[in-house]
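Under the working numbering, think of the first position of the sequence shown as 6, with each following residue one higher.
All remarks here apply to the structure that follows.
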Amino acid sequence: MTLTIAIDGPAAAGKGTLARRLAAAYNLAYLDSGSLYRGTALSLLRSGLEPAEPAAVAAARGLKPELLADPEIRAEATGKLASQVAAIPAVRAALLDWQRGFAQHPPEGKRGAVLDGRDIGTVVLPDAMVKLFITASDEARAMRRFKELQAKGETAIYARVLEDMRERDARDTARSTAPMRPAEDALIIDTSAFDADQVFRQAKDHIDQII
Ligand code: C5P
6 MTLTIAIDGP
16 AAAGKGTLAR
26 RLAAAYNLAY
36 LDSGSLYRGT
46 ALSLLRSGLE
56 PAEPAAVAAA
66 RGLKPELLAD
76 PEIRAEATGK
86 LASQVAAIPA
96 VRAALLDWQR
106 GFAQHPPEGK
116 RGAVLDGRDI
126 GTVVLPDAMV
136 KLFITASDEA
146 RAMRRFKELQ
156 AKGETAIYAR
166 VLEDMRERDA
176 RDTARSTAPM
186 RPAEDALIID
196 TSAFDADQVF
206 RQAKDHIDQI
216 I
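Here it is, written out as structure tokens:
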């Protein structure tokens, strides 16, 4: 039977790390759905167009898979614009089939798929077999992001990282279409005080009870 895992949660909570480990442990294909919104934002930034609705929708519809591998999609400015374009319902609609298609048709040899994002368990894959909501305190998440930026050699100010992250989370939670929230049947894991191994073990115990 195909195994589909939906992972949602705010920025820098540890969703990506967990998703990659689960993908390896259960032989699943992995899609970081945030990269689709980031790719849309990056193609807008490169076109020099304002993130007005028609341009953003066109960018989402014409999104090229190659762009998802561009290191620029990880830049803070791209993430910020991604959360702005993600609030536009027609942008979300344009990216929905891509995400569902990925989950429904995992590559040959894979047992299924794991997707992470903000609305995977609630909107994209409401019937996912396993749903996880990964969160952590604002301060813990901002500190992780701050250290990541430092490790990349970028100049960063912790207070600024915290403020930007809160602003982005607030936008993701308050939007009317597909706001970030845990699905009713999601296991919520607060990773503030846990390392990646502990989070992985909790998730794995939960998944092994379901499958
Ligand atoms: O997860 P990541 O930080 O890469 O996501 C960038 C932005 O894309 C988020 O702030 C959010 O606004 C948007 N997003 C979304 N729904 C998803 C994944 C990401 O709205 N499923």
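Ideal Cβ placement from N, Cα and C applies to all residues, glycine included.
Given the structure is predicted, the values throughout are model-derived calculations rather than measurements.
Give me, in chain order, the residues of the same chain whose beta-carbon lies closer than 6 Å to that of residue i; leave out the 5 immediate sequence neighbours on both sides.
i, result
"residue 112", "34"
"residue 87", "42, 43 and 46"
"residue 95", "62"
"residue 4", "The chain is shown only over 6 to 216; residue 4 falls outside these bounds and no answer can be derived."
"residue 1", "Not covered by the structure: residue 1. The range shown for the chain is 6 to 216."
"residue 129", "104"
"residue 24", "12, 35, 119 and 121"
"residue 154", "161"
"residue 187", "138 and 193"
"residue 117", "7, 8, 9, 33 and 111"
Can you give me the start and stop residues for the beta strand (DSSP E) that residue i sits inside?
i, result
"residue 117", "117-122"
"residue 210", "Premise fails: residue 210 lies in the alpha helix (DSSP H), 201-215, not in any beta strand (DSSP E)."
"residue 9", "8-13"
"residue 192", "192-195"
Ends of the alpha helix (DSSP H) at residue i?
i, result
"residue 29", "20-31"
"residue 101", "94-109"
"residue 166", "163-179"
"residue 46", "39-52"
"residue 85", "81-90"
"residue 62", "58-66"
Go through its chain and collect everything with a Cβ distance to residue i's Cβ below 8 Å, but skip five positions before and after it.
i, result
"residue 185", "13, 14, 15, 123, 124, 174, 177 and 178"
"residue 72", "44, 47, 48 and 78"
"residue 194", "137, 138, 139, 140, 204, 207 and 208"
"residue 26", "201 and 205"
"residue 60", "49, 52 and 54"
"residue 89", "46, 56 and 176"
"residue 83", "43, 46, 47, 50 and 77"
Sorted by chain position, which residues of the same chain lie with C-beta nearer than 7 Å to residue i's C-beta, five sequence neighbours on each side aside?
i, result
"residue 190", "136"
"residue 115", "32, 33 and 34"
The stretch 13-30 contacting the stretch 167-178, beta-carbon criterion three pairs below 8 Å: Contact between the stretch 13-30 and the stretch 167-178 is present, because at least three Cβ pairs lie under 8 Å.
Segments of 4+ residues assigned as alpha helix (DSSP H) that fall wholly inside the stretch 136-161: Taking only runs of at least 4 residues, the alpha helix (DSSP H) segments lying wholly in the stretch 136-161 are 143-156.
Inter-stretch contact (C-beta, 8 Å, three-pair minimum) for the stretch 128-135 and the stretch 150-164: With a cut-off of 8 Å, the stretch 150-164 and the stretch 128-135 do not count as touching, because too few Cβ pairs lie within range.
Given 8 Å, three or more beta-carbon pairs between the stretch 58-72 and the stretch 96-106: In short, these stretches touch, since the Cβ pair count reaches three.
Any heavy atom of the ligand C5P nearer than 6 Å to the CB - residues listed: Summarising the contact set, residues whose Cβ lies nearer than 6 Å to any heavy atom of the ligand C5P are, in chain order, 16, 38, 39, 42, 43, 84, 87, 88, 91, 122, 123, 124, 125, 173 and 177.
Meets three-Cβ-pair contact criterion under 8 Å: the stretch 204-216 and the stretch 25-32: Segments in contact, yes.
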